[in-house]
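Residues 978 to 1276 in the working numbering are what the sequence shown lists, from first letter to last. Notes follow once the structure below has been shown.
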Amino acid sequence: MAGPTVLGFQDIVNNQPAPAESGDFYGTNPRVITIGGPGEYVAPAGGLTVGNFCWVNPDTGAVSQSYVAGWQLAFLKRGNNAVITAFLAPATYTVQTGLPLDLFAQGDFWTLFAGGATPGQQVYADEGTGAALSGPTNTASFTASIGASFTGVIASNVLTASAVTGLLTPGDLINGTSVVNAVLGAQLTGTSGGAGTYTCVHADQTSEAMTGTSTVLDVTVVASGTINVGDVIVGSGITTGTAITGQLSGTAGGVGTYSLSGAGQHVATAEAVTVAGIATPWYVQSVAAAGELAIISTW
978 MAGPTVLGFQ
988 DIVNNQPAPA
998 ESGDFYGTNP
1008 RVITIGGPGE
1018 YVAPAGGLTV
1028 GNFCWVNPDT
1038 GAVSQSYVAG
1048 WQLAFLKRGN
1058 NAVITAFLAP
1068 ATYTVQTGLP
1078 LDLFAQGDFW
1088 TLFAGGATPG
1098 QQVYADEGTG
1108 AALSGPTNTA
1118 SFTASIGASF
1128 TGVIASNVLT
1138 ASAVTGLLTP
1148 GDLINGTSVV
1158 NAVLGAQLTG
1168 TSGGAGTYTC
1178 VHADQTSEAM
1188 TGTSTVLDVT
1198 VVASGTINVG
1208 DVIVGSGITT
1218 GTAITGQLSG
1228 TAGGVGTYSL
1238 SGAGQHVATA
1248 EAVTVAGIAT
1258 PWYVQSVAAA
1268 GELAIISTW
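Laid out in structure tokens, this is it:
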């Protein structure tokens, strides 16, 4: 029967003492905690990694290091709350299930960058682990549109759309010269998402140019890579910070339609990319080679 694992001899000597551990405070700028109710914000099953980002639900106190649309972003500070559970293990960055968390919405911290970092880069959070990423990484390049432009006529709460460019989706907000934020209802006839008739509760309106703002991304060509839930979209005319929240139709990760975060938009066509990681309000303040610590700050 094998005996317990015993630590080996020291085999590394640094030229200089380590400046910090991942998750430590840096400096004395103001620090803003993530507000929660009594007893909220404890580590879920499987624990959490200090020095990484996480997502919290202030209403329920739930915490996750995997991206959850609509939850608040926070940084998990190292507060001597990680517990070594493996026999004779040298260290751990894992906060065990049920232990309280030190969560911050703003501040200066040290964190680990597996791919290195350069001052001035925006910090992104890996949507699967919460690990810090120094700037976005392209995961897919594609051509897409959001919303539609068309010629519309409204009679008896029925919208007739013709000459449609883009995709019309129930829930889109319709606007024109005389129409303001009319909600598009179910399609009654015609080409799916295109020319045809739709329910639309609004006063009668003669023919005029209209647009539909939408939270649905219609991807028509994928040049490379795979589109993933949680990826941020970057492209001409697309609102900064817009993220993929789900796939509605089509080939998984490819051509099809996707739901988006944020308010509705109208983008006729865009050569766009998705980037791995969720944008955070932190920016890199010091140089780090791959696998080293860097200072990050919201100030």
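Here a beta-carbon is modelled for each residue, glycine too, at the ideal position from N, C-alpha and C. Quick caveat, the model's predicted, so the values are computed rather than measured.
- With distances taken between CA atoms, ALA1020 lies nearest to LYS1054 out of ALA1066, HIS1243 and LYS1054.
- Taking the C-beta atoms as reference points, GLY1124 is found no nearer than 8 angstroms to GLY1239.
- Here the C-alpha atom of THR1219 lies approximately 14 angstroms from the C-alpha atom of TYR1101.
- For CYS1177, there is no enclosing beta strand (DSSP E), as DSSP gives it neither H nor E.
- In the three-state reduction of the DSSP assignment, ILE1012 falls in the coil class, being assigned neither a helical nor a strand state.
- When DSSP assignments are scanned along the stretch 988-1073, the uninterrupted stretches of beta strand (DSSP E) that are 3 or more residues long and fall wholly within it turn out to be 1030-1033 and 1049-1053.
- For the stretch 1143-1187, the full-length beta strand (DSSP E) segments reaching 3 residues or more read 1150-1153, 1164-1167 and 1173-1176 along the chain.
- THR1069 places its beta carbon 8 angstroms or farther from that of LEU1270.
- With contacts defined as CB atoms closer than 8 angstroms, PRO1096 and VAL1261 qualify as a contacting pair.
- Partner residues in a beta bridge of TRP1276, as assigned by DSSP, do not exist.
- ASP1085 is bridged by DSSP to SER1274.
- In this structure, the CA atom of ALA1121 is about 15 angstroms from the CA atom of THR1146.
- The alpha-carbon separation between ASN1057 and LEU1080 amounts to approximately 13 angstroms.
- The closest CA to that of GLY1084, considering only ALA1039, VAL1009, THR1142 and THR1190, is found on VAL1009.
- Taking THR1257 as reference, the option from ILE1273, ALA1180, THR1234 and GLY1268 with the minimal CA-CA separation is ILE1273.
- ALA1109 is not a Cβ neighbour of PHE1002, given a cutoff of 8 angstroms.
- Between GLY1233 and ILE1221, the gap from beta carbon to beta carbon reaches 8 angstroms or more.
- DSSP, reduced to helix, strand and coil, places PRO1096 outside both helices and strands of the structure shown, so it counts as coil.
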